[in-house]
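Q: Taken in sequence, the protein lines are chains Y and E. Counting from 1, position 236 in the first sequence corresponds to residue 1211 in this note's numbering; the numbering is continuous, with no gaps. Counting from 1, position 345 in the second sequence corresponds to residue 530 in this note's numbering; the numbering is continuous, with no gaps. Note that the Cβ used here is the ideal one computed from N, Cα and C, for glycine as well. In this text the structure is predicted, and so the values were computed from the model without any measurement. Quick one: the structure is below, questions incoming.
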Amino acid sequence: MSETAEGTATAADPVLLIRDVTKVYGEGEAAVRALRGVSLTVEPGDYVAIMGASGSGKSTLMNIIGCLDVPTAGTYLLGGVDVGALDEVRLARVRNRRIGFIFQSFNLIPRMSALANVELPLAYGGVRAAERRRRALAALGLVGLSDRVRHQPNELSGGQQQRVAVARALVTSPTLLLADEPTGALDSTSTKDILAIFDRLSLSGRTIVVITHEDDVAAHAKRVVRLMDGRIVDDRRQAPVDGPPPLIDDRSSTGAMSER
Amino acid sequence: MNVLEISRFAVRGLTANKMRSVLTMLGILIGVAAVILLVAVGQGSSDAIKQRIQSLGANTLTVSASFSGGFGGPAGGRGGGGGAAGPRTQARGLTLEDARAIAASGDAPSVKSVSPVVTSSSATTTYEGASHSISQVVGTYPSYFEATNKPVTSGAYFTNQDVTAVRKVVVIGKTVADELFGQVDPVGKKVNIQGAAFTVVGVLKESGSTGGQDADDIAVAPLPAVQQSLTGYGSLGSIVVQATSAEATDAAEAEITAVLNERHDITGNATADYRILNQASLQETVTEATGTFTVLLAAVAAISLLVGGIGITNIMLVTVTERTREIGIRKAIGAPRGAILGQFLIEATLLSLVGGLLGVGVAVAGSQFTIAGVQPVLVPQSIVLALGVSIAIGLFFGSYPANRAAKLRPIEALRFE
Ligand SMILES: Nc1ncnc2c1ncn2[C@@H]1O[C@H](COP(=O)(O)OP(=O)(O)OP(=O)(O)O)[C@@H](O)[C@H]1O
Ligand SMILES: [Mg+2]
């Protein structure tokens, strides 16, 4: 199946186009308006950090972008395709091929080796076993975990688990890499590792959207979007879309990574 | 994503919690084994009873005198005792003429043979030093042997000439032969029955005891010989009629009834002074009863199978709940609904299939032993049925939790605590 199976996406289309998206949790008295009309366009190759206070709706927005949840109102185009109009089967395929999702809490499947975890999206995507193994090993190599492929999640450190999760998100070569506070549960060293990986991915042209609380993390992004009470209140560009990410020359982080 | 791949996920899911999987399988195992084994026990006992009835003689009808009123009960046991002497009724005993009338082929085409019977019980018999009380001495015609299914192992039956010539010859049962002769061959020897000397001409094949009574403690001699020396010339104890075939027994019964009603002047609503025991209908009744018995056993077993099925549902529900987060992760990385549904359905089906197969194994092994005095007879249909039902149970009871898992929205599953 081709990359454009879900519609006719062209290079000119933005990777992500959101118009007036709202999300209301619950009903009546208890209703929570988590998003109150968010519009956002992300061009291919951009590296966006979404910031905002706790409860401002960052995760809600991210889950909608990642097709894990549906908006109450508004339109959402992913690579020019209206996601709201897709059925279950197509939606599963979009999650599988277009999006790589990295969670704050890693979300690896227990009792499965790192390799098996990374292979899983390929298995659901119908990739043959040999090809699957090759790509999974390559992805694990990219995050510097070639020597840990047989380990199960409970045998890995938090930072290593998150790197496995990054490998899993990358292995299908998604058009969009989403990360909800990927470094939220990590110490500074592991955070540096992950950020270095993101920088290199951005440099190679991958589109990244990352949620973060930390200014240090946001500093790596080409663009910083601020949310407050379910609305975008600030949208600031730190580096051009087609240029390298602003802190790519941070040698210490890439160095730390290659040491392992 | 093919079925094999999904099956591997399913197997991994099952082996992740071995103890639980094994216990769930045990439920199905017991259910399936119980169904197969209990049906086999039912079948075995039914077969045994049928065989026993068959050994009494197929296609036979026994006509015996019946006295309505004071003395109920069958008169078959005591020859000559009844007769015209039946105290409070005008009932007549069965006579040789009655037997001859039934045998007259024009009136009864379904009748193959007619054997008038007189019996004398507890006849003291001696041979040289040995003495034995034969529990039943039967006086009859040679057709009796075939009608009642009593073949000889050595010697021969007595003949019609023996009957007409009133020869004192006798065919003895295995028990009598053992008691009086031990290792010696009885054929040709003279025994003394109640003071009368009889020549042994044959020994009956062992038939085993029926209903606590030793069927081999018997001696069969020509009718007039027994009447002359033991019972006297009163009425007959019974008349054993053999029908031409198993299907003809009902017709034969009707024919006998017609003949005897006429001879005994029984008209309209008057109660007959005889009764007819139909071996075939007895067998039918018994078969029906054992059939009900088997169904009852199967029902009990089916309930245990159902309980096993509920066990699977329960475990699958727990599994799905426990692994909701995992389901969320799988969906988030692009698992289609079908793959999730397939994984949990295969898990449930594997549980019931493996449990079912082991159950068949246990049942087959168990059926090699005698259970409660019955040698179980495996019924192939019950194996197919039990296995089929156990797989169906897996699919049916597994589909609810599997469906629930597959329908979850990824974010709902991921947020699940
Ligand atoms: N499933 C839910 N049901 C009801 N309300 C919810 C649900 N999820 C989030 N909310 C509410 O929606 C609002 C936005 O939540 P969200 O998780 O998007 O915040 P956030 O910006 O990610 O916060 P944090 O930085 O703490 O993760 C909050 O007020 C929250 O209480
Ligand atoms: Mg959040």
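1. Is the closest heavy atom of ligand 2 to the C-beta of K998(Y) under 6 angstroms?
2. Counting Cβ pairs closer than 8 angstroms, one from the region 348–362 of chain E and one from the region 282–289 of chain E, do we hit at least three?
3. Can you give the Cα-Cα distance for G262(E) and L482(E), rounded to whole angstroms?
4. Kindly examine ligand 2 and report whether one of its heavy atoms sits closer than 6 angstroms to the Cβ of S1088(Y).
5. Closer than 7 angstroms, Cβ to Cβ, to anything on chain E: give me those residues from the region 1076–1103 of chain Y, in chain order.
6. Quick one: grab the DSSP three-state call for D1155(Y).
7. Around the Cβ of I495(E), are there at least 16 other Cβ atoms within 10 angstroms (buried) or fewer (exposed)?
8. Strictly by DSSP, which residues pair up with G387(E)?
9. Looking at C-alpha atoms only, which residue of Q468(E), V574(E), R508(E) and V411(E) is the closest neighbour of A487(E)?
10. What's the gap between the Cα of K375(E) and the Cα of F366(E)?
11. Between the Cα of A606(E) and the Cα atoms of R589(E), A308(E) and V296(E), which residue gives the shortest distance?
12. Less than 6 angstroms between the CB of K516(E) and some heavy atom of ligand 1, yes or no?
13. Let me see if you follow: with CB-CB separation under 7 angstroms, is E511(E) close to chain Y or not?
14. By the 10 Å Cβ neighbour count, where 16 or more other Cβ atoms means buried, how is Q368(E) classified, buried or exposed?
15. Output the distance between the C-alpha atoms of D1021(Y) and G540(E), rounded to the nearest integer angstrom.
16. Nearest by alpha-carbon distance to T1182(Y): which of S1163(Y), D1204(Y), A1154(Y) and M1203(Y) is it?
17. Between the Cα of L246(E) and those of L408(E), E432(E) and V323(E), spot the shortest distance and give me the residue it belongs to.
18. Whose CA, out of A520(E), V386(E), P595(E) and I378(E), lies closest to the CA of D370(E)?
19. When the Cα of V492(E) is compared with those of V480(E), D458(E) and S537(E), which residue comes out closest?
20. Which of the three DSSP states, helix, strand or coil, is assigned to D1057(Y)?
21. Measure the alpha-carbon distance for A1160(Y) versus Q1079(Y) and round it to whole angstroms.
22. Could you spell out the range, first to last residue, of the alpha helix (DSSP H) harbouring G544(E)?
23. In angstroms, rounded to a whole number, what distance separates the CA positions of G268(E) and L421(E)?
24. Can you check which of these residues, E364(E), T416(E) and D402(E), is closest to G380(E) by C-alpha distance?
25. Identify the continuous beta strand (DSSP E) that holds D1210(Y) and give its terminal residues.
26. Helix, strand or coil: how does DSSP classify T472(E) here?
27. Whose C-beta lies closer than 7 angstroms to the C-beta of Q1135(Y) among residues of the same chain, with five residues either side of it excluded?
28. State the start and end residues of the unbroken alpha helix (DSSP H) segment that holds V1064(Y).
29. Can you pull the DSSP bridge partners for Y1000(Y)?
30. Give me the Cα-Cα distance between I127(E) and N499(E), rounded to the nearest whole angstrom.
31. Give me, in chain order, the residues of the same chain whose beta-carbon lies closer than 6 angstroms to that of P407(E); leave out the 5 immediate sequence neighbours on both sides.
32. What I want to know is whether the C-beta of G1030(Y) ends up closer than 6 angstroms to one or more non-hydrogen atoms of ligand 1.
33. Run through DSSP, which three-state label would P407(E) get?
34. According to DSSP, is K1197(Y) helix, strand or coil?
35. Using DSSP with H/G/I as helix, E/B as strand and the rest coil, what is N377(E)?
36. Regarding A1255(Y) and ligand 1, is the C-beta to nearest heavy atom distance less than 6 angstroms?
A: Let me lay it out:
1. no
2. no
3. With a pLDDT of 38 at G262(E), under the threshold of 50, the modelled position of this residue cannot be trusted, and the question is left open.
4. no
5. F1076, N1082, I1084, R1086, L1095, P1096, A1098, Y1099, G1100 and G1101
6. strand
7. exposed
8. G340(E) and V356(E)
9. V574(E)
10. 11 angstroms
11. Residue coverage of chain E in this structure runs from 186 to 602, which leaves residue 606(E) outside it and unanswerable.
12. no
13. yes
14. exposed
15. 55 angstroms
16. A1154(Y)
17. E432(E)
18. V386(E)
19. S537(E)
20. strand
21. 7 angstroms
22. R522 to G551
23. Legend: pLDDT at G268(E) = 40, less than 50; position of this residue unreliable, value from coordinates given subsequently. If you take the alpha carbons of G268(E) and L421(E), they lie about 8 angstroms apart.
24. T416(E)
25. R1206 to R1212
26. helix
27. L1120 and R1123
28. E1063 to R1072
29. V1007(Y)
30. Nothing about residue 127(E) can be reported from this structure: the residues present for chain E run from 186 to 602 only.
31. F343, D347 and V348
32. yes
33. strand
34. coil
35. strand
36. It is not possible to answer for residue 1255(Y), since the shown part of chain Y is limited to 976 through 1235.
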